[in-house]
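Visitor:
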Amino acid sequence: MKLKNKNKSLCSSFGLACLLLVIFPISMDASWAQGSTKTIQFRTHIIDDSLIGGAFSNTGLADMDGDGKLEYIMSSRGTGKIYVYKYHEPGHWSRYIVGDNPPTDAGGAVLDVDGDGMPDYLVGGAWYRNSGELQTPYERIVFDDGIMDGSIHDQVVADINGDGRMDVITMSDRNNLRWYAIPDNPRNSWQRQDIGAAVHGGVAPKGHGDLDSDGDVDIVRTDVWFENLDGEGTKWKQHDLGPFMPLPEGEPTWADKAARSWVADINQDGRLDVVQTVEEMRGGRVWWMENLGPDSGGTIQWCRHEIAGWDRIMGGLHSLGVADFTGNGKLDVITAEQDWQRARPGKKGEENPRYYLWENLGVGPSWSNNPKVEWREHVIADINLGGHEIVFGDVTGDGMLDIVGKPWSPSDNNALGGKAFVLFLENKSILD
Ligand SMILES: [Ca+2]
Ligand SMILES: [Ca+2]
Ligand SMILES: [Ca+2]
Ligand SMILES: [Ca+2]
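First residue of the sequence shown: 631, per the working numbering; consecutive thereafter.
Written out as structure tokens, the structure reads:
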């Protein structure tokens, strides 16, 4: 992988179909940056530094005990436990173990599966019925015994068939890309519908949306997207989105095309775009695919815009969030470099992992021939602790989105000497 190449050669190596966005230095043109924030700042709190083990994954942020406040949920194939962290104040959380034996690699989702008003927890081929009490373990119910061996990496909730009820998309390179409708009695086995071939990851955390504006949910999988032909999720057509970077020499084949995807309208033109990261290996990059709408033949055209990672060797970016973190009404992007030794930043993983926020400053000056979204990079945590499947929500209740992170498997070189951890990034940004 030729990370030090400049834009021109990257056009060919990453298959860019159009001019790349030039990332400007940090200065901001006051004439079009109105509504931006004065200070973007996150305060880091380590809320658990006593976890031993690895393979922590399957994260969510939801009100698991019904008191109106968000809890953090995650689980580990390594320890075999499901953890819920209850917030009291930014530096003080309580940890509960609510279940055992999560049958998955990664993925996980929070959804009220049985419709009783309490969010439940989906992991691999099982769902765990939320008892509503953090002291009472959740019941484990298998919905597909064919995917109980850790063969799920992405697990995403969306209404695929448009019936107003949420469905569950799963994918792993060990099986395929598919979705399940939840039956009236969710204790029965769930019917699956196949969508297409799989890669390791490329749909999570939010690779779904109505990309072609015909009223139904389509699905992104790294370098392609699947059109929901009948609106019921029974017929799919695969389209190119844009080529992925070639697998670097020495990387395992399972890491090929492993990405995170998030569908959102980044430039506020009414068409849904796609933000993506390289998740499983160092040399991570962040970009967004602008949806240019259909050509005369009806095929949607895409234009790749880089956000970060072309000018340095970032760690694997197994986290992606898109939301307005800065309060200016525009969608920002967050990610974190992995703590895991094989995907830490630097040529040989010698650099420390960091958490990032790219502030969306809006579409650039109108005098430009090709006005594009401008980004300003903020390092929001730089304490030699990385992140994996970070999640966000307003935990403190002040209207600003906070972030919770943890490693997949901790590096011996991290700030805690190889211990796993959960950290909370309290959004303390000061608005205009
Ligand atoms: Ca709660
Ligand atoms: Ca429930
Ligand atoms: Ca559609
Ligand atoms: Ca758009």
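Backbone N, C-alpha and C define an ideal beta-carbon position, used for all residues, glycine too.
Is the beta carbon of PRO835 less than 9 Å from the beta carbon of GLY945?
Guide: Against the sequence shown, residue 835 aligns to sequence position 205. Against the sequence shown, residue 945 aligns to sequence position 315. Against a cut-off of 9 Å, the Cβ pair of GLY945 and PRO835 comes out as no contact.
Visitor: Can at least three beta-carbon pairs, one atom from the region 734–748 and one from the region 781–798, be found at a separation below 8 Å?
Guide: Counting Cβ pairs under 8 Å, three or more are found: they touch.
Visitor: Use the C-beta contact count for SER661: other C-beta atoms within 10 angstroms, 16 or more gives buried, fewer gives exposed.
Guide: One-based indexing of the sequence shown puts residue 661 at position 31. Because SER661 carries a pLDDT of 34, less than 50, the predicted location of this residue cannot be relied on, and the following value inherits that uncertainty. Burial call: exposed.
Visitor: By Cβ distance below 6 Å, which residues in the same chain neighbour GLY1023 in space, the five residues on each side in sequence not counted?
Guide: Your numbering for residue 1023 matches position 393 in the sequence shown. Counting only Cβ-Cβ distances below 6 Å, and skipping sequence neighbours, we find LEU691, LEU700.
Visitor: Taking the Cβ atom as the reference point for each residue, do GLU1019 and MET704 lie within a distance shorter than 9 Å?
Guide: As a first step, residue 1019 must be located in the sequence shown, where it is residue number 389. As a first step, residue 704 must be located in the sequence shown, where it is residue number 74. The answer is yes: Cβ separation under 9 Å.
Visitor: Determine the DSSP secondary structure at ILE584, reduced to helix, strand or coil.
Guide: With the chain running from 631 to 1062 in the structure shown, residue 584 is simply not present.
Visitor: For LYS867, report the span of its beta strand (DSSP E) as first-last.
Guide: Residue numbering aside, residue 867 sits at position 237 when the sequence shown is read from its first letter. From DSSP, the beta strand (DSSP E) with LYS867 extends over 866–870.
Visitor: Write down the C-beta distance between LEU922 and LEU841 rounded to the nearest angstrom, noting that I regard them as a contact closer than 8 Å.
Guide: For this step, residue 922 is matched to residue 292 along the sequence shown. For this step, residue 841 is matched to residue 211 along the sequence shown. Between LEU841 and LEU922 the Cβ distance is about 12 Å, and since that is not below 8 Å, they are no contact.
Visitor: Where ALA827 and TRP866 are concerned, what is the direct C-alpha to C-alpha distance, given to the nearest angstrom?
Guide: By 1-based counting over the sequence shown, the position of residue 827 is 197. By 1-based counting over the sequence shown, the position of residue 866 is 236. If you take the alpha carbons of ALA827 and TRP866, they lie about 11 Å apart.
Visitor: Relative to the C-alpha of THR766, which candidate in GLU881, GLY1048, ILE712, PRO816 has its C-alpha closest?
Guide: Sequence index remark: in the sequence shown, residue 766 carries index 136 (1-based). Nearest option by C-alpha distance: ILE712.
Visitor: Distance, Cα to Cα, ALA1064 vs ARG942?
Guide: Outside the shown range of the chain, which is 631 to 1062, sits residue 1064, and nothing can be said about it.
Visitor: For MET678, which beta-bridge partners are listed by DSSP?
Guide: Mapped onto the sequence shown, residue 678 falls at position 48. The question names Met, yet the displayed sequence has Asp at residue 678. Answer is VAL1052, bridged to ASP678.
Visitor: What do you reckon, are the CB atoms on GLY683 and ALA1050 nearer than 9 Å?
Guide: Here residue 683 refers to the residue found at position 53 when the sequence shown is read from its first residue. Here residue 1050 refers to the residue found at position 420 when the sequence shown is read from its first residue. Taking 9 Å as the Cβ cut-off, GLY683 and ALA1050 qualify as a contacting pair.
Visitor: For GLY792, collect the residues of the same chain with a Cβ closer than 8 Å to its Cβ; drop the 5 residues on either side in sequence, then sort them by chain order.
Guide: Taking the first residue of the sequence shown as 1, we reach residue 792 at position 162. If we look at GLY792 and ignore the five residues flanking it on each side, its Cβ neighbours are GLY845, ASP846, VAL847, GLY861, GLU862.
Visitor: If you draw a straight line from the alpha carbon of PHE654 to that of VAL854, how long is it in whole angstroms?
Guide: Start at 1 with the first residue of the sequence shown, and residue 654 comes out as number 24. Start at 1 with the first residue of the sequence shown, and residue 854 comes out as number 224. Because PHE654 carries a pLDDT of 32, less than 50, the predicted location of this residue cannot be relied on, and the following value inherits that uncertainty. Whole-angstrom Cα-Cα distance: 29 Å.
Visitor: Kindly identify the DSSP beta-bridge partner or partners of ALA827.
Guide: Locating residue 827 in the sequence shown gives position 197, where the first residue counts as 1. Its beta-bridge partners do not exist; DSSP assigns none.
Visitor: Is it right to say HIS718 is buried, meaning 16 or more other beta carbons lie within 10 angstroms of its own, or is it exposed?
Guide: As a position in the sequence shown, residue 718 is number 88, starting the count at 1. HIS718 is exposed by the Cβ-count criterion.
Visitor: Between ASP789 and the rest of its own chain, which residues show a CB-CB distance below 7 Å, the 5 nearest in sequence each way excluded?
Guide: Residue numbering aside, residue 789 sits at position 159 when the sequence shown is read from its first letter. Result list for ASP789: ARG795, MET796, ASP797, VAL847, in chain order.
Visitor: Among SER1059, LEU1053, ILE1060, which has the Cα closest to the Cα of PRO720?
Guide: Position 90 of the sequence shown, counting from 1, holds the residue named residue 720. Nearest option by C-alpha distance: LEU1053.
Visitor: Beta carbon of VAL743: closer than 8 Å to some heavy atom of ligand 2?
Guide: Position 113 of the sequence shown, counted from the first residue, corresponds to residue 743. Yes.
Visitor: Assuming LEU904 is part of the beta strand (DSSP E), what are its boundary residues?
Guide: Here the question's residue 904 lines up with position 274 in the sequence shown. Per the sequence presented here, residue 904 reads as Val, with Leu not at that position. Note, VAL904: beta strand (DSSP E), 903–908.
Visitor: Would you say the region 814–829 touches the region 769–787, given that touching needs at least three Cβ pairs under 8 Å?
Guide: Contact holds: three or more Cβ-Cβ distances are below 8 Å.
Visitor: Given a threshold of 16 other Cβ atoms within 10 Å of its Cβ, counted over all protein chains shown, does ASP931 qualify as buried or as exposed?
Guide: Looking up residue 931 in the sequence shown gives position 301. The identity of residue 931 in the sequence shown is Gln, whereas the question assumes Asp. With fewer than 16 other Cβ atoms within 10 Å, it is exposed.
Visitor: Can you find a heavy atom of ligand 2 that lies under 8 Å from the Cβ of ASP844?
Guide: Here residue 844 corresponds to residue number 214 of the sequence shown, with the count starting at 1. False, no ligand heavy atom lies under 8 Å from that Cβ.
Visitor: Any idea what DSSP makes of GLY776, helix, strand or coil?
Guide: Walking along the sequence shown from the start, residue 776 turns up at place 146. Note: GLY776 maps to helix in three-state DSSP.
Visitor: On the DSSP letters alone, give me the boundaries of the beta strand (DSSP E) that GLU967 sits inside.
Guide: Translated into positions along the sequence shown, residue 967 becomes position 337. Here GLU967 belongs to no beta strand (DSSP E), and DSSP marks it neither H nor E.
Visitor: Thinking just about the alpha-carbon of each residue, which of GLY872, GLY1027, ASN1014 is nearest to the one in VAL904?
Guide: Counting from 1 along the sequence shown, the entry for residue 904 is found at position 274. Per the Cα distances, GLY872.
Visitor: What do you get for ASP969, buried or exposed, if any count of 16 or more other CB atoms within 10 angstroms of its CB means buried?
Guide: Residue numbering aside, residue 969 sits at position 339 when the sequence shown is read from its first letter. Buried: at least 16 other Cβ atoms inside 10 Å.
Visitor: Tell me whether TRP884 sits in a helix, a strand or coil according to DSSP, three-state version.
Guide: Here residue 884 corresponds to residue number 254 of the sequence shown, with the count starting at 1. In this structure, TRP884 counts as helix in the three-state DSSP scheme.
Visitor: With 16 as the cutoff for other CB atoms within 10 Å, does ARG817 come out buried or exposed?
Guide: Your numbering for residue 817 matches position 187 in the sequence shown. Exposed: under 16 other Cβ atoms inside 10 Å.
Visitor: Is ASP797 near ligand 3 - that is, is its Cβ less than 8 Å away from at least one heavy atom of it?
Guide: Walking along the sequence shown from the start, residue 797 turns up at place 167. No - ligand 3 has no heavy atom lying nearer than 8 Å to the Cβ of ASP797.
Visitor: By how many angstroms is the C-alpha of TRP940 removed from the C-alpha of THR1026?
Guide: By 1-based counting over the sequence shown, the position of residue 1026 is 396. By 1-based counting over the sequence shown, the position of residue 940 is 310. Distance between the alpha carbons of THR1026 and TRP940 is about 35 Å.
Visitor: Assuming GLY832 and ASP784 are in contact, meaning their beta carbons sit under 8 Å apart, how far apart are those beta carbons, in whole angstroms?
Guide: To locate residue 832, count along the sequence shown from 1; it is residue 202. To locate residue 784, count along the sequence shown from 1; it is residue 154. Contact flag correct, Cβ pair sits at about 7 Å.
Visitor: Are there any heavy atoms of ligand 4 lying less than 8 Å away from the beta-carbon of ASP840, as far as the coordinates show?
Guide: Within the sequence shown, the letter at position 210 stands for residue 840. Checking every heavy atom of ligand 4 against the Cβ of ASP840, none is found closer than 8 Å.
Visitor: Is any non-hydrogen atom of ligand 5 found closer than 8 Å to the C-beta of ASP899, if you look at the structure I gave you?
Guide: In the structure on display, ligand 5 does not appear, and the ligands it does have are ligand 1, ligand 2, ligand 3 and ligand 4.
Visitor: Quick one, which of ARG912, HIS935, GLU910 has its alpha-carbon nearest TRP918's?
Guide: In the sequence shown, counting from the first residue as 1, residue 918 sits at position 288. For the residues ARG912, HIS935, GLU910, the minimum Cα distance to TRP918 belongs to HIS935.
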